[in-house]
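Each residue of the sequence shown is one higher than the one before, counting from 27 in the numbering used here.
Yeah, the Cβ is synthetic: ideal placement off N, Cα and C, and Gly gets one too.
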Amino acid sequence: MTPQFGTSSLPLTESYTSENSKLYVEGIIAGIIGAATIAIWVLILDTINGRPLYTPSLLGVALFGRGEPLSSMESVSFSLEMTLMYTWVHGLALAVIGGVASRLLGLAEHNPNLGFGILLLFVVLGFGFVGAAFVFAEPLLHALTWPVILLGNLLGATAMAGYLWYRHPNLIIRP
27 MTPQFGTSSL PLTESYTSEN SKLYVEGIIA GIIGAATIAI WVLILDTING RPLYTPSLLG
87 VALFGRGEPL SSMESVSFSL EMTLMYTWVH GLALAVIGGV ASRLLGLAEH NPNLGFGILL
147 LFVVLGFGFV GAAFVFAEPL LHALTWPVIL LGNLLGATAM AGYLWYRHPN LIIRP
């Protein structure tokens with residue numbers, strides 16, 4: 027009997043690739059859900075304040091600059107171009123974060139001891155984002171109220187977590 031090399035690894039590789047693809051797709055979907063949740067929250071608040079789409083326009087100007095100093099953020103006027111550019115980048119960033127989160131949850135399904143570390147990592151990163159915003163974008167936080175941003179991020183993270191929890195019902199997290 028002659029040994030056959032590589033015949034048994036093909037289905038395993040295809041299965042592994044298929045599982046990874048599914049994880050990344052559900053992560054991208056989770057990211058889009060999170061971005062949409064934040065966008066709807068901010069749109070509702072901007073509309074109540076009589077300035078629809080003001081926040082993404084302001085964040086677009088802050089992100090893409092065009093020579094605008096952060097100290098003059100309160101006087102920025104609405105720009106559809108900045109709104110669309112910021113919305114696109116925000117959606118892409120959350121899709122990447124969702125993809126990473128889904129992949130890490132896939133690892134935690136195979137090793138439950140990783141789950142708590144992954145959860146802790148995302149909590150630290152979430153607070154790190156808020157801390158970095160306080161340090162580097164303080165004038166921007168004066169133009170926008172920081173509790174609104176914080177609550178929006180919390181709503182987006184909750185929506186993403188809910189979707190990923192739904193997609194990974196057998197996930198067990200052990201400390």
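Chain-order list of residues whose beta-carbon lies under 6 Å from that of residue i (same chain, five-residue window excluded)
| i | result |
| --- | --- |
| glycine 182 | Gly60, Thr63, Ile64 |
| tryptophan 67 | Gly178, Leu181 |
| valine 189 | Note that residue 189 is tyrosine in the sequence shown, not valine. Cβ neighbours of tyrosine 189 beyond the five flanking positions: Ala56, Ile59. |
Beta-carbon spacing of residue i, residue j below 8 Å
| i | j | result |
| --- | --- | --- |
| isoleucine 104 | serine 83 | A quick correction: the sequence has phenylalanine, not isoleucine, at residue 104. For phenylalanine 104 and serine 83, yes; Cβs fall inside 8 Å. |
| glycine 125 | glycine 57 | yes |
| leucine 89 | tyrosine 112 | yes |
| leucine 131 | threonine 109 | no |
Residue i versus residue j - alpha carbon distance
| i | j | result |
| --- | --- | --- |
| histidine 194 | glutamate 135 | 8 Å |
| glycine 76 | serine 44 | 47 Å |
| isoleucine 55 | valine 115 | 15 Å |
| glycine 141 | glycine 117 | 26 Å |
| tyrosine 50 | alanine 119 | 14 Å |
| leucine 176 | phenylalanine 148 | 15 Å |
| glycine 157 | leucine 133 | 28 Å |
| asparagine 196 | glycine 154 | 29 Å |
| valine 150 | threonine 184 | 15 Å |
| lysine 48 | glycine 152 | 25 Å |
| tyrosine 192 | leucine 85 | 32 Å |
| leucine 106 | threonine 81 | 11 Å |
Residues of its chain near residue i, where Cβ-Cβ distance is below 7 Å and the 5 sequence neighbours each way are ignored
| i | result |
| --- | --- |
| proline 138 | Ile198, Ile199, Arg200 |
| leucine 71 | Val174 |
| isoleucine 123 | Gly57 |
Own chain partners of residue i with C-beta closer than 8 Å, once the 5 adjacent residues on each side are dropped
| i | result |
| --- | --- |
| alanine 121 | Gly53, Ile54, Gly57, Ile58, Ala61 |
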